[in-house]
């Protein structure tokens, strides 16, 4: 699991950290957290790899700031992810693409119907 922290001032800072214990530390200094799957070692991207993680890792965490769930979300797993984690915001990308970077209207509609 990766934790990105977002802090708003004159700049939007995005950091990338590993581990559950860091959630509470960065919740105190962040406006919002983005919880995403750890990318493969071979990836040059910090996210957007279409991978999910074990949502049980965060199901009982009480966040001190708003947060988004990311990582491999699609129409087949989004409802379960929401039920398990209590997520109220989702970061969605590759799960609604027909090819890298190209969104598919039918996949978007299917996703919205699933939640």
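In my numbering, the protein residues as written are 5 to 119. Note that beta-carbon positions come from the ideal geometry of N, C-alpha and C, so glycine has one too. In this text, all values refer to a predicted model and were calculated from it rather than measured experimentally.
Measure the alpha-carbon distance for residue i versus residue j and round it to whole angstroms.
i	j	result
residue 66	residue 91	11 Å
residue 120	residue 104	Nothing in the structure corresponds to residue 120, since the chain is present only between 5 and 119.
Please name the residue in the options whose C-alpha comes closest to that of residue i.
i	options	result
residue 101	54, 84 and 44	54
residue 58	86, 33, 37 and 107	86
residue 72	33, 115, 116 and 39	39
residue 119	41, 47 and 79	79
By the 10 Å Cβ neighbour count, where 16 or more other Cβ atoms means buried, how is residue i classified, buried or exposed?
i	result
residue 113	exposed
residue 75	buried
residue 34	buried
residue 31	buried
Return yes when the Cβ of residue j is within less than 8 Å of the Cβ of residue i, no when it is not.
i	j	result
residue 61	residue 77	no
residue 36	residue 69	yes
Rounded to whole angstroms, how far is the Cβ of residue i from the Cβ of residue j, which I believe are closer than 8 Å?
i	j	result
residue 84	residue 56	With 8 Å as the limit, residue 84 and residue 56 do not qualify as a contact, their Cβ atoms being about 10 Å apart.
residue 89	residue 111	Not confirmed; about 22 Å, so no contact.
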